[in-house]
Each structure stands twice: as structure tokens, then as C-alpha cells.
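349 is the number of the first residue of the sequence shown in the numbering used here; add one for each residue after it. For each residue, glycine too, the CB sits at the ideal point set by N, CA and C. Note that the structure is a prediction, hence the values are computed from the model and not measured. Shown next, in C-alpha cells, is the structure this report addresses.
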Amino acid sequence: MKLAPVLLFVITVHHLDQSVQAKRLQIGGIDTGIFLYPYMAAIEFAQKLVGNGAIVAQRYILTSASAVAEPHDSLYKVQLGADVFKGPGDLYEVLTIYKHPRYIGWDYNIALLHLKEPIRYSDSVQPVIIADTFVNNLQVLLVSYGTNEEGTMHLREAIYTASTDAECVDSLTKGLSKEIIIQEHGFCVRSPPGAEQGQWADNAGAPIVADGKLYGVFAFSEQEGKTNVGSIGTRVSAFLEWIYETMEEHD
349 MKLAPVLLFV
359 ITVHHLDQSV
369 QAKRLQIGGI
379 DTGIFLYPYM
389 AAIEFAQKLV
399 GNGAIVAQRY
409 ILTSASAVAE
419 PHDSLYKVQL
429 GADVFKGPGD
439 LYEVLTIYKH
449 PRYIGWDYNI
459 ALLHLKEPIR
469 YSDSVQPVII
479 ADTFVNNLQV
489 LLVSYGTNEE
499 GTMHLREAIY
509 TASTDAECVD
519 SLTKGLSKEI
529 IIQEHGFCVR
539 SPPGAEQGQW
549 ADNAGAPIVA
559 DGKLYGVFAF
569 SEQEGKTNVG
579 SIGTRVSAFL
589 EWIYETMEEH
599 D
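This is the structure in C-alpha cells:
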């Protein structure tokens, strides 16, 4: 896979009424196209982007549980086959959301969206291959529709390293984050040396891929919007049994 250079992640802050409100931008990486990532899904709630996901079966989108925090499943929709959120593409309604039964806000941060109708496959809409093992210190791409510094929601890719070594654990500040790595349920999403990068909530569920395989979905950043802080991806290979059993049970 040809990897693209990563641009600077920036957070714009406005002072209003003695409060600080961060403009929630997913800034960095470069624009890319849906034909390179035909499994990409934009997840919307009440017509607003709340996260991303990946097509894993004809009626299922894999994402993080933190991307679908609202309780009303029927208000979620999924856009497929689009270069831009709210651009030309196919829109599917969600029937039911299945979060991992042990998810309570940190660990087990994974979910499946069961769509009302089967997905219509095409050159720009295809399922992804789920990696069945994890490769430490693998160079990966995080792909997301999050709003960027140009004010668009164009699909973007950015380079990271997926790692679980001692340096990864030591870089995290919260005990619960460290435990996710130690339990082998997740991995650190680390910026390349010298790069300034960070994530916001609408990156949740963003596919983390390498060589056409899905290794993870973006879970959370320890400090949203700040650069070079601990960020976690959910390791999908740790949840293969739950993923396949859930789809088989409800399909």
C-alpha cells in the first residue's frame, strides 16, 4: 500500500463568555477516495456525523461502541460509497446496534450496526477483510470523514503506528487505558516521529487498516483535541468470536 504524508493536526480554540470551546476538527492526513477504501461507512445521528465504520458483511457495519453512544438506534443512518459525508452515496437505516455486552465506556469498545436492508455492493461499496492476528509496530492508516481544517468532511487518510509494547503503555496516562493494552483488547495509535497529530470524538470507529485488512477501529483519545497524547484503537482480532457469533445470531 502506498502511504501518504501526514499533515499537521491543529485545534482552533475560541474564548466565549469566559469559557473555552474547541472547534472539533479532525485535521491531518490528506484527502483520499472511496474507491481506495470502499468499505468506509459514515455514521450519522440526527443528520450529524458522529463516527465512522467499516463494512464487514452485507448487513453489518463494524465500529466502536463510543461512536454510537445515543440510545435511539432507529435515528442512526449509515452513508456508503461516498467521497464526502453528505455527498453522493447510498444511505441505509439502522435496525439495531449491538455493543459488546461488557462495554461500559472504556474497554470492549466495539459495536456492530445491523442495517434494515442488505448493502448493494459495487466498485465503491465492498466489505473489508478482518485481520485475524495483530502485528505489533505495524504502520497503518486511519481513515475518517471527520471535519478537517478546510471545513469539509472529505474522506481522509493519515499514517500511524499500531503498537502494544512497553513504550506504548508508558505513554498512556490513565490506568484504564493501560489496562486495555495489557489485556490485549487494544493498541496505541501513535503518530510518526516529528508529527503533531490528535483526534476528536467524530473519529470514533474510524477503520485502522494495513494492506487491505482491518486491524482496528479508533476507540478514543485520552485528551481529545490535544496533540501527541495517548490514543487507543480497539484490536478487532481480539473480538472475532463475538463479531461472527453476533452476526450469525441476528442475521
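Selection 427, 484, 515 evaluated against residue 472 yields 427 as nearest (Cα-Cα).
Using a Cβ distance threshold of 8 Å, residue 535 and residue 494 do not count as a contacting pair. Taken through DSSP and simplified to helix, strand or coil, residue 568 comes out as strand. Contact holds between the region 391–404 and the region 420–435, because three or more Cβ pairs, one in each stretch, are under 8 Å apart.
Distance from the CA atom of residue 418 to the CA atom of residue 533, rounded to whole angstroms, is 23 Å.
The region 398–413 makes no contact with the region 507–526, as fewer than three CB pairs between them are under 8 Å. Nearest to residue 568 by alpha-carbon distance, out of 592, 522, 560, 445, is 522. Counting the other CB atoms within 10 Å of its CB gives residue 550 a total of 16 or more, which places it among the buried residues.
Of 467, 381, 449, the smallest CA-CA separation from residue 459 is found for 449. Fewer than three pairs of CB atoms, one per stretch, sit closer than 8 Å, so the region 434–450 makes no contact with the region 515–531. In the DSSP assignment, residue 379 is bridged to 504. Across the set 599, 562, 537, 579, the C-alpha of 562 shows the shortest separation from the C-alpha of residue 586. Annotated three-state conformation of residue 521 is coil, per DSSP. For a cut-off of 8 Å, the C-beta gap from residue 432 to residue 502 is around 5 Å, short enough to register as a contact. Beta-bridge annotation (DSSP): residue 399 is paired with 391. Closest by C-alpha distance to residue 477, out of 597, 409, 396, 566, is 409.
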